[in-house]
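One structure is given here, and the rest of the page talks about it.
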Amino acid sequence: MTAISKEMVDLFKRELELCKVREGETVAVLSVGDSLRDYAKAFLTAAKKLGAKVIDVNLPAGKATTAEDRLKDFGKNPLADNPKAMAKLKAADLVIDLLVASFSAQEIEIRNAGPRMLLVCEDFEILKRLFPTPELRARTEAALSRLSKARTFRFTNQQGTDITYEFGTNYRALMEYGYVAEPGRWDHWPAGLVASCPRDGAVNGHVVMDEGDIIFPRMQFLTEPVEFVVEKGIVTKIKGGKEAADLQRWMEGYKDPRAYAVSHIGWGTHTAAEWALKGIGMDGRSYYGNVLFSLGPNVEFGGKNDTACHMDLPMRGCSAWLDGERIIANGRLLPDDLKAAGF
Ligand SMILES: [Fe+2]
Numbered sequence: 003m004t005a006i007s008k009e010m011v012d013l014f015k016r017e018l019e020l021c022k023v024r025e026g027e028t029v030a031v032l033s034v035g036d037s038l039r040d041y042a043k044a045f046l047t048a049a050k051k052l053g054a055k056v057i058d059v060n061l062p063a064g065k066a067t068t069a070e071d072r073l074k075d076f077g078k079n080p081l082a083d084n085p086k087a088m089a090k091l092k093a094a095d096l097v098i099d100l101l102v103a104s105f106s107a108q109e110i111e112i113r114n115a116g117p118r119m120l121l122v123c124e125d126f127e128i129l130k131r132l133f134p135t136p137e138l139r140a141r142t143e144a145a146l147s148r149l150s151k152a153r154t155f156r157f158t159n160q161q162g163t164d165i166t167y168e169f170g171t172n173y174r175a176l177m178e179y180g181y182v183a184e185p186g187r188w189d190h191w192p193a194g195l196v197a198s199c200p201r202d203g204a205v206n207g208h209v210v211m212d213e214g215d216i217i218f219p220r221m222q223f224l225t226e227p228v229e230f231v232v233e234k235g236i237v238t239k240i241k242g243g244k245e246a247a248d249l250q251r252w253m254e255g256y257k258d259p260r261a262y263a264v265s266h267i268g269w270g271t272h273t274a275a276e277w278a279l280k281g282i283g284m285d286g287r288s289y290y291g292n293v294l295f296s297l298g299p300n301v302e303f304g305g306k307n308d309t310a311c312h313m314d315l316p317m318r319g320c321s322a323w324l325d326g327e328r329i330i331a332n333g334r335l336l337p338d339d340l341k342a343a344g345f
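Under this note's numbering, the first residue of the sequence shown carries the number 3, and numbering increases by one thereafter.
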């Protein structure tokens, strides 16, 4: 285990301040086995400095030990068999989730009981570099507000992408800006993005990912274009060279037709995010002005598709329109409320 540095305690204290942790509140830190115990100790120390009561909820180690393993397994976690731990977490005001209980039934149960919840599992360098700010929050909230009201989202790129999403169901749009100050809210530090899901079956067009675009969770930069033909919300063809064939084989490996459903769409809002394959990939997903195309599950948005094949596909240099208003031009956000100062 890495030693807890003063730098880590100070950074986590600033994060808890953004989360408005007050004297007398209860902060529960959820971890498993030896994983991220340095983060757990630093959060507990930082919360105490702010006058909060702290609870260290450290579950016995299961099979999945790294954050990557647990992300692959998301939706399943050892809390399901641990009512005592659940009771402690539900009684807290803020839960720091180092276990990746996020995206599970337990996460929802905890937040419905009142606590706000923050997922933290990226490398320390990334947490530091992508430390959230109120400006990031403001432009991400503005993005959510526009995206939730829109009826359509269309995006293009120079490789020939042209696809339109139609909204208008009970699916909720989501935003992540890296801290939680209100009861029941969930977020992920570090992140900066918005996303919404189309009406079932209401996406048509084609997406041509360019060389240099990213395939998560495969942690892969494409070295040649890959085209997805989308009809009525489903990818019906994947075209291209060797990388398209590899990708298709990998998706077929899940033996689940729901893997081909088009899922959320939105864009990145974090100006400090790098176009890089680092940690679990929050840089690429949050990259300012990317279009984040995604295939697979939509349960996070209120849908029923819970396929295990979940692909996040950030693309650079795209142009995008909400209800016909151009909001991104070749990777640059245009409207003042969505734009970061100096970008
Ligand atoms: Fe996704």
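C-beta: ideal position from N, C-alpha, C; glycine also.
Taking the Cβ atoms as the reference, D164 lies roughly 5 Å from G207, within the contact range of under 8 Å.
According to the DSSP assignment, T28 belongs to the beta strand (DSSP E) that extends over 28-34. Taking 8 Å as the cut-off, the C-beta of G270 does not count as close to any heavy atom of ligand 1. Counting only beta-carbon distances shorter than 6 Å to the non-hydrogen atoms of ligand 1, the qualifying residues in chain order are S265, H266, S296, H312, D314. N300 and K306 have their C-alpha atoms roughly 7 Å apart. For T158, the uninterrupted beta strand (DSSP E) run begins and ends at 154-158, by DSSP.
Of the candidates R148, G270, F169, the residue whose Cα lies closest to the Cα of G203 is F169. Three or more Cβ pairs drawn from the segment 95-112 and the segment 121-134 lie within less than 8 Å of each other, which places the two stretches in contact. The DSSP-derived three-state label of I6 is coil.
Cα atoms of D83 and F14: separation of roughly 29 Å, rounded to the nearest angstrom. Within the same chain, E17, L20, C21, L120, P134, R139, D189, W191 come within 8 Å of Y181 by CB-CB distance, once the 5 residues on both sides are set aside. Taking all protein chains shown into account, F345 has fewer than 16 neighbouring C-beta atoms within 10 Å of its C-beta and is therefore exposed. A straight line joining the alpha-carbon of V264 with that of V23 spans about 38 Å. If you check the CB distance, K244 and V231 do not come in under 9 Å. The beta-carbon separation of W269 and V209, rounded to 14 Å, does not stay under the 8 Å limit for a contact. Straight through space, the alpha carbons of S37 and Y290 are spaced by roughly 30 Å. Assignment of K50 by DSSP, reduced to helix, strand and coil, places it in the helix class.
A direct Cα-to-Cα measurement between D314 and A144 gives close to 22 Å. Boundaries of the alpha helix (DSSP H) around L129: 126-131. Counting other Cβ atoms within 10 Å of its Cβ, P316 reaches 16 or more and is therefore classed as buried.
Contact annotation: L91 and L32 have beta-carbon atoms nearer than 9 Å.
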